[in-house]
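K.L.:
Residue numbers (the UniProt record's numbering): 1 to 183. Ideal placement from N, C-alpha and C gives every residue a C-beta, glycine not left out.
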């Protein structure tokens with residue numbers, strides 16, 4: 001991290017100026033960079049400026065997006081940002097309208113607000129993996145049972161979900177044994 005913002009995002013990759021600035025804008029970093037003394041060439045880390053947790057999360061996301069991978073595994077990428085920035089990143093990075101729109105995206109999250117944007121929801125609770133399939137994005141509907149199952153993982157509940165039929169959502173349960181070894 002003790003390098004310029006640009007070097008932290010490029011992470012050894014070639015500099016593509018147009019795509020680089022597109023990524024910075026999509027990851028909501030442009031305003032931050034404009035306020036720094038040397039812009040994206042400002043040193044960050046121990047020998048430079050300190051950045052907030054939200055800026056650090058957006059920098060990590062920008063580095064990931066800039067990699068131009070085919071598959072992205074994002075671990076709660078919106079947990080450190082406010083609602084306005086979350087919506088910006090959803091629209092400009094994660095959703096089909098964003099930079100990763102034509103890529104496979106696996107997103108882990110505790111945020112139920114992400115459910116309407118998911119093609120599939122996979123829950124893990126008490127050694128049980130449940131896969132909940134949904135309609136294509138145009139027809140997405142989050143069944144109350146899915147919300148209840150996710151709420152149970154997070155420790156909260158939903159009144160609507162309490163009245164849902166267990167058969168409302170197709171589920172595949174796979175009980176894992178404590179001592180089972182996997183190759």
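(1) Determine the direct distance from the alpha carbon of residue 29 to that of residue 55, and round the result to whole angstroms.
(2) Work out the CA separation of residue 109 and residue 75 for me, nearest whole Å.
(3) Provide the residue span of the beta strand (DSSP E) that contains residue 75, from first to last.
(4) What do you get for residue 68, buried or exposed, if any count of 16 or more other CB atoms within 10 angstroms of its CB means buried?
(5) Excluding five sequence neighbours on each side, which residues of the same chain lie with their C-beta closer than 8 Å to the C-beta of residue 53?
(6) If you reduce the DSSP assignment to three classes, tell me which class residue 126 lands in.
(7) Pick helix, strand or coil for residue 106, following the three-state DSSP scheme.
(8) In terms of alpha-carbon separation, which member of 31, 58, 119, 84 lies closest to residue 101?
(9) Our contact map puts residue 41 next to residue 6 with C-beta atoms below 8 Å; I'd like the distance itself, whole angstroms only.
P.N.:
Considering the structure as presented:
(1) 7 Å
(2) 7 Å
(3) 71-75
(4) exposed
(5) 80
(6) coil
(7) strand
(8) 119
(9) 6 Å
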